[in-house]
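Below is one structure, written out as structure tokens, with a few remarks after it.
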Amino acid sequence: MHNSSYSLVPLVISLLLISRLIIVEGLVPVIHSITLENKTGIPKEYEDLPLIAKCCSTNQILIRNKDQSLKCVSSNYYSALVFSPLFCKFNSSGTWSLGEEEDRFVALIGYPCRYESFDLNTENDTYYLLRNGSIYFPLYEPSMLMPGINYCMDITSTLNLVTVVCSSIDDKILITGTWIIYYACGLIISVSFLILTIIAYSITPKLRNVYGKILHRYCGCLALAFLILAITQLGGVHWTSDTCTAIGILILLSLLMDLNPTIPTIYVKPNFLSENDNCWFKPDTNTMPFIFVPVGFLLLINFIFFILTGITIKRYQKDLALRRLARNQDSVRQDQGLFYSLRKTFMVCVILFFFMTLTWALELISWWTDIYFFDWLTLDLVNALHGVFIFILFVLRKPIRGLIWLRIQKFRNFDNVQSQTSVPNVNLLRVTN
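Here our numbering is used: the first residue of the sequence shown is 1, the next is one more, and so on.
Pasting the structure below:
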């Protein structure tokens, strides 16, 4: 008896869904489907029939994912749903007549929106579906929405008929304009500070060692990637698909080439870039080998070096305590100074780990789990300001800023400053490890 009651659950669910519908035998409309992808015209025998744009095929419904993207899924328990919109007419008295169902109509199957989209609210938005497939929406510009171009309709999992209106390029810019401006400004500010870092290390001979050159190249790659990314965010909606493809590849290589000299060619495959305005990859399955795999590998290596640095400093602290008994006061003072320098180095690693590694790691986790539990706009802005953090850590810290300032004064013909000012010998490794 217990098992039989559970076996009735699917039947009860189906009955509940069917009970919410008005299904009249013999009035189920005949839908003549024409796909948008084929771009075929309407056959002559269907030209006199009402027309409508349908988002999904006749055996599918429309659902909205967590990231607000739309997806067509099989109807399953929703097989009893009937796609039967109401077509309106403009009568002789100058008023719109109540919508009527049609027993036959033509449906243009396909999702037409290239940019963002929004759903019309049937309670607050007044609009009329005409027999020629157009929707008259007085509160929108343009007020006449064309089928297969500006809108599509379909049934959702809530058993409602929803109208999805496509946003234009101007609407896309208006919707995301404020955040895009903030993000692009953060990138441009980072580029400015990265260029200043490159100049500072280029004009200072004592900083042009192996570690200074590594930082020099890293800032160059990051500045190039951020500059192109800022230009893409501000003007990418106006670019062609070929331009978007070239820019997307350049951004990808610039972001990865500073630490990853080669991109495995086995992952290269056609049609992997998105056709929308972000000049980036298509679904996350295509993003994985190009971004998340190398980024995840670099994050893992970064985390390992971070742990090894902490272990090394802790071990040195223990060795220092043992050597204090066998050395004089001067040696102890020198060891304490070295330990203080190493501890400052570790704090630099902690700051770099927090601002650079942690933000990327959280984004990687969100992609893997498909859970968005942070304000990702704030994290994106932190990532965009990496150049500022690099400038503060590697230019404004002592004694680096003293060396750079002396070099600037020397260029300004203050040669006597070098003899009057004492600057300690700098090992950049202690600053950048």
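All C-beta atoms in this analysis are idealised placements derived from N, C-alpha and C, irrespective of residue type, glycine included.
Values in this document were obtained by computation on a predicted structure and should not be read as measured data.
Less than 9 Å separates the beta-carbon of LEU342 from that of ILE313. Rounded to whole angstroms, HIS32 and PRO43 show a C-alpha spacing of 10 Å.
Boundaries of the alpha helix (DSSP H) harbouring ILE304: 293 to 323, taken from the DSSP string. Relative to SER75, the option among LEU139, GLN60, ARG114, SER84 whose CA is nearest is GLN60. It is roughly 38 Å from the alpha-carbon of THR35 to the alpha-carbon of ILE181. THR243 counts as exposed, since fewer than 16 other beta carbons sit within 10 angstroms of its beta carbon. Shown here for GLN317: same chain residues with a beta carbon closer than 8 Å to its own, the five before and five after excluded, namely PHE339 in chain order.
In this structure, TYR201 lies near LEU215, with their beta-carbon atoms less than 9 Å apart. Linking ILE228 to GLY220 through their CA atoms gives a straight-line distance of about 12 Å.
Following the DSSP letters along the chain, one finds THR232 inside the alpha helix (DSSP H) bounded by residues 210 to 235.
Beta-carbon to beta-carbon, LEU49 and PHE105 are separated by about 5 Å, close enough to satisfy the 8 Å threshold. Cβ contact annotation for LEU234 (same chain, cutoff 6 Å, sequence separation greater than five): ALA184, in chain order.
Contact between the region 144 to 155 and the region 106 to 121 is present, with at least three C-beta pairs closer than 8 Å.
DSSP places LYS54 inside the beta strand (DSSP E), whose first and last residues are 51 to 54. About 17 Å separates the CB atoms of THR156 and ILE135; that is not less than 8 Å, and the two are not in contact. In the three-state reduction of the DSSP assignment, ARG343 falls in the helix class, which pools H, G and I. Secondary structure within the region 121 to 196: not one fully enclosed alpha helix (DSSP H) run of 4 or more consecutive residues is present. Contact check for PHE193 against ILE390 passes: the beta carbons are separated by less than 9 Å.
In this structure, PHE292 lies away from LEU379, with their beta-carbon atoms at least 9 Å apart.
CYS55 is a Cβ neighbour of ASP154, given a cutoff of 9 Å.
A buried status is given to THR204, since no fewer than 16 other beta-carbon atoms sit within 10 Å of its beta-carbon. For the set LEU308, ARG397, VAL295, the Cα lying nearest the Cα of LYS344 is the one of ARG397. When only Cα atoms are considered, ALA361 and GLU101 end up about 53 Å apart.
Going by beta carbons, VAL388 and ILE189 fall inside the 9 Å limit. Take VAL73, set aside five residues on each side of it, and the residues of its chain with a beta-carbon closer than 7 Å to its own are GLN60, ILE61, ILE63, in chain order. Counting C-beta atoms within 10 angstroms of its own C-beta, VAL30 has fewer than 16 neighbours from the protein chains shown and is therefore classed as exposed. Note on geometry: alpha-carbon atoms of ARG333 and LEU250 lie some 51 Å from one another. The Cβ neighbour count for LEU145, taken over all protein chains shown within 10 Å, is at least 16; the residue is labelled buried. Between LEU70 and GLY99, the C-beta spacing is not below 9 Å. Cβ-Cβ distances below 7 Å link ARG401 to VAL395 in the same chain, with the five nearest sequence neighbours on each side left out; the list follows chain order.
Cα atoms of TYR211 and LEU196: separation of roughly 17 Å, rounded to the nearest angstrom. In the DSSP assignment, PHE354 falls outside any alpha helix (DSSP H) and carries neither an H nor an E. Counting only residues of its own chain and dropping the five nearest sequence neighbours on each side, ILE408 has a CB closer than 8 Å to the CB of ILE203.
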